[in-house]
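Participant: Okay, handing you the structure first.
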Amino acid sequence: MHTIENMNKPFELACKRKLNIKQGFFLSLIRTLGFSGAITLFLILSFVFYNGFQVLSWEFITEPPIDAMTKGGIFPVIMGTILLTILCMVLVIPVGVITAIFLAEYSKPGVMLKSVMMSIYTLAGVPSVVFGLFGLGVFVVMLNFGTSLLAGSMTLAIMILPYIISTSEEALKAVPYSFKEASLACGATKWQTIWKVVLPTAMPGILTGAILGTAKVSGETAPIMFTAAAFFSPGVPRSVFEPVMALPYHIYVLATAGTHIEETRPIQYGTALVLIVIVLAMNLLGIILRLKQRKKRAW
Amino acid sequence: MVEEKNIFEIKNFNVWYGDFQAVKDVNLNISSNRITAIIGPSGCGKSTLLRAMNRMNDLITSSRTSGQMLFHNIDIYDKNTDVIELRRRVGMVFQKPNPFPSSVYENVAYGPKLRGIKKKSALDEIVEQALIKADLWKEVKDKLNDSGLSLSGGQMQRLCIARSLAQQPEVILFDEPTSALDPISTAHIENLLQELQKTVTIVIVTHNMQQAARISHYTAFMYLGELIEFGNTDTIFVNPANKLTEEYITGRFG
Chain P
1 MHTIENMNKP
11 FELACKRKLN
21 IKQGFFLSLI
31 RTLGFSGAIT
41 LFLILSFVFY
51 NGFQVLSWEF
61 ITEPPIDAMT
71 KGGIFPVIMG
81 TILLTILCMV
91 LVIPVGVITA
101 IFLAEYSKPG
111 VMLKSVMMSI
121 YTLAGVPSVV
131 FGLFGLGVFV
141 VMLNFGTSLL
151 AGSMTLAIMI
161 LPYIISTSEE
171 ALKAVPYSFK
181 EASLACGATK
191 WQTIWKVVLP
201 TAMPGILTGA
211 ILGTAKVSGE
221 TAPIMFTAAA
231 FFSPGVPRSV
241 FEPVMALPYH
251 IYVLATAGTH
261 IEETRPIQYG
271 TALVLIVIVL
281 AMNLLGIILR
291 LKQRKKRAW
Chain E
1 MVEEKNIFEI
11 KNFNVWYGDF
21 QAVKDVNLNI
31 SSNRITAIIG
41 PSGCGKSTLL
51 RAMNRMNDLI
61 TSSRTSGQML
71 FHNIDIYDKN
81 TDVIELRRRV
91 GMVFQKPNPF
101 PSSVYENVAY
111 GPKLRGIKKK
121 SALDEIVEQA
131 LIKADLWKEV
141 KDKLNDSGLS
151 LSGGQMQRLC
161 IARSLAQQPE
171 VILFDEPTSA
181 LDPISTAHIE
191 NLLQELQKTV
201 TIVIVTHNMQ
211 QAARISHYTA
221 FMYLGELIEF
231 GNTDTIFVNP
241 ANKLTEEYIT
251 GRFG
């Protein structure tokens with residue numbers, strides 16, 4: 001009926017857009033929700049920045065805490081997080097990349113591959129506190145590493161392993177088949193092809209995944225809570241068997257334990273700000289790398 | 001001209017992909033130091049036959065073969081055959097130029113390095129000779145460290161030819177090497193093939209019949225997996241014995 005009515009009207013009247021309130025309402029709702037992610041990020045950043053910026057100073061990031069952590073800086077805390085993250089990556093990248101090579105280049109479809117893939121997906125879904133308990137049981141107690149940098153890094157490594165595997169596998173699978181074909185036609189073995197052609201070509205992608213993984217790892221609290229984190233330590237650890245302070249755990253400690261919770265609020269927010277800046281910087285680096293390699297990719 | 005002998009002897013050769021038979025009972029001899037063209041419509045099995053000659057079909061897990069593929073009287077599908085050595089002697093150039101994403105120099109030095117040649121001076125010599133033979137040296141001698149992917153399409157294809165030549169192969173298999181190139185680059189490659197044929201045996205798959213007529217000594221016509229006719233290129237194009245061959249080369253189907 002609608003159509004017939006329109007057909008009888010002169011065109012300039014029929015084509016006039018009617019104001020549709022319902023449509024307008026939902027459109028603006030969707031638009032607003034579409035920005036919710038950006039708005040939330042902005043709110044969190046400005047909240048943390050507003051509360052924490054007054055403690056920020058050169059001393060804050062270069063000096064250890066003093067007076068039962070109510071004053072001073074957070075240097076050992078930053079160092080602890082950096083050391084945990086680096087050691088974790090050193091441990092996880094070789095294992096993750098080798099697993100990804102197996103999955104992308106060697107595995108044949110079948111029950112075996114399916115069960116490996118299922119395990120990786122499941123591992124990715126395990127809550128991080130469970131990794132913390134596993135690390136406590138296996139690395140701290142059973143292997144007798146104690147609460148230490150090593151135990152914490154290994155726990156973080158296990159947690160991030162599925163992520164590293166899947167980003168590396170994606171990078172390896174993105175290498176064009178024609179490169180492999182060319183290498184094999186030159187009389188290269190399968191391993192030579194992987195080592196000299198596939199891996200170098202996939203390397204930027206693998207690194208991007210690793211950097212984004214670093215960002216994830218540096219913000220985790222639960223896995224290091226029982227395995228690596230110290231309430232207080234004055235400086236940089238002298239061996240991997242010593243506990244370390246770490247940014248997320250430091251925030252947790254200052255905000256929940258002790259008698260100076262209210263007094264140390266600015267330090268808590270300052271620490272959170274440092275953590276966020278580190279994570280955002282890592283993410284940004286990863287994104288820039290990804291964009292760069294996308295531009296460079298000529299095949 | 002260098003005296004010719006049968007470098008490849010293909011006897012009752014079949015290739016299957018799963019249940020599909022792509023090459024059916026082919027008998028064919030390839031003469032050394034000549035250009036042999038394999039022509040035929042899409043899906044006739046010509047690329048499959050070519051790829052069977054240096055066992056590139058091995059990469060497709062569902063493929064299997066029967067019959068004999070003799071290279072220097074040795075069956076290359078024998079389980080004792082060293083496929084790596086076979087592929088060094090029987091190189092391949094693909095339809096789409098596929099240089100590695102590394103420098104021009106590294107592209108050409110790839111094969112020799114795999115074979116353990118490490119000395120810089122030796123590698124330099126091999127790279128230069130291969131690029132000269134591929135008629136690319138003049139264009140790239142000042143940018144050997146530039147990425148191989150920065151070259152033009154025709155240059156990339158000649159780089160791939162140089163990469164193959166650096167292995168000092170006896171045979172180079174060309175799988176429609178000019179179908180992704182413009183006419184000028186195509187002419188350049190055709191001239192190059194005629195130059196190379198003095199030292200290397202060439203087998204070329206092409207769906208460009210003029211190309212086969214222009215450059216090859218022998219032509220094989222394949223249809224639906226079968227070898228329909230094989231002979232001197234002149235005979236095939238001027239006086240084909242088979243009705244199908246005649247219809248194909250006169251453009252009545254394809």
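Just so you know, the sequences run in chain order P and E.
The working numbering puts the first residue of the first sequence at 1, with every later residue one more than the last.
The working numbering puts the first residue of the second sequence at 1, with every later residue one more than the last.
Every residue, glycine too, gets a C-beta built ideally from N, C-alpha and C.
Computed from a predicted model, the values in this text were never measured in an experiment.
1. Scan the stretch 95-114 of chain E for residues whose Cβ lies nearer than 7 Å to a Cβ of chain P and list them as they occur along the chain.
2. My parser needs the alpha helix (DSSP H) runs of 4 or more residues fully inside the stretch 87-159 of chain E; what are they?
3. On the DSSP bridge list, what partners appear for residue 173 of chain E?
4. Among P:138, P:180 and P:118, whose alpha-carbon lies nearest the alpha-carbon of residue 166 of chain P?
5. Closest to residue 230 of chain P by CA distance: which of P:214, P:251 and P:217 is it?
6. Would you give the residue range spanned by the beta strand (DSSP E) that residue 8 of chain E belongs to?
7. So, residue 216 of chain P versus residue 163 of chain P, is the Cβ gap smaller than 8 Å?
8. Taking just the CA atoms, how far does residue 206 of chain P sit from residue 184 of chain P?
9. Take the Cβ of residue 29 of chain P as the centre, count every other Cβ of all protein chains shown within 10 Å, and call the residue buried at 16 or more, exposed below.
10. Would you kindly check if the distance between the Cβ of residue 110 of chain P and the Cβ of residue 270 of chain P is under 8 Å?
11. Does the beta carbon of residue 111 of chain P come closer than 8 Å to any beta carbon on chain E?
12. Are the C-beta atoms of residue 107 of chain P and some chain E residue less than 8 Å apart?
13. Restricting to runs no shorter than 4 residues, where is the alpha helix (DSSP H) found entirely within the stretch 200-230 of chain P?
14. Mark residue 57 of chain E as exposed unless 16 or more other C-beta atoms lie within 10 angstroms of its C-beta, in which case mark it buried.
15. For chain P, check one thing: does any of its Cβ atoms lie closer than 8 Å to the Cβ of residue 92 of chain E?
16. Assuming residue 171 of chain E and residue 200 of chain E form a contact by the criterion Cβ under 8 Å, report the distance between their Cβ atoms to the nearest whole angstrom.
17. Against chain P, which members of the stretch 37-56 of chain E pass a CB distance test of less than 9 Å?
18. Could you name the residues of chain P that residue 163 of chain E contacts, counting a contact when the two beta carbons are closer than 7 Å?
19. Residues in its own chain within less than 6 Å of residue 17 of chain E by CB, not counting five upstream and five downstream?
20. Would you say the beta carbon of residue 72 of chain E comes nearer than 7 Å to a heavy atom of the ligand HEM?
21. So, is the C-beta of residue 34 of chain E closer than 8 Å to a C-beta in chain P?
22. Taking only three categories from DSSP, how would you classify residue 188 of chain P?
23. Mapping the DSSP letters down to three states, classify residue 220 of chain E as helix, strand or coil.
24. Within the continuous alpha helix (DSSP H) that includes residue 22 of chain E, where are the two ends?
25. Can you check whether the CB of residue 88 of chain P is closer than 8 Å to the CB of residue 178 of chain P?
26. DSSP state of residue 78 of chain E, grouped into three classes?
27. Per DSSP, what are the beta-bridge partners of residue 66 of chain P in this structure?
28. Under a Cβ-count criterion, where at least 16 other Cβ atoms within 10 Å of its own Cβ denotes burial, should residue 281 of chain P be classed as buried or exposed?
29. Rounded to the nearest angstrom, what separates residue 76 of chain E and residue 156 of chain E at their Cα positions?
30. Below 8 Å on C-beta distance, what does residue 182 of chain P contact in chain E?
31. Would you please verify whether the beta carbon of residue 193 of chain E is less than 8 Å from any beta carbon of chain P?
32. Assign residue 122 of chain E to buried or exposed, taking buried as 16 or more other Cβ atoms, counted over all protein chains shown, within 10 Å of its Cβ.
Facilitator: Quick look at the numbers:
1. 96, 98, 100, 101, 110, 111 and 114
2. 104-114, 120-133 and 137-140
3. E:92 and E:203
4. P:118
5. P:251
6. 6-17
7. yes
8. 23 Å
9. exposed
10. no
11. no
12. no
13. 222-225
14. buried
15. yes
16. 7 Å
17. 54 and 56
18. 186
19. 62 and 63
20. The ligand HEM is not part of this structure, which contains no ligands at all.
21. no
22. coil
23. strand
24. Taken as a continuous stretch (DSSP letters only), residue 22 of chain E belongs to no alpha helix (DSSP H), being part of the beta strand (DSSP E) at 20-31.
25. no
26. coil
27. P:71
28. exposed
29. 30 Å
30. 94, 98, 99, 100, 160 and 163
31. no
32. exposed
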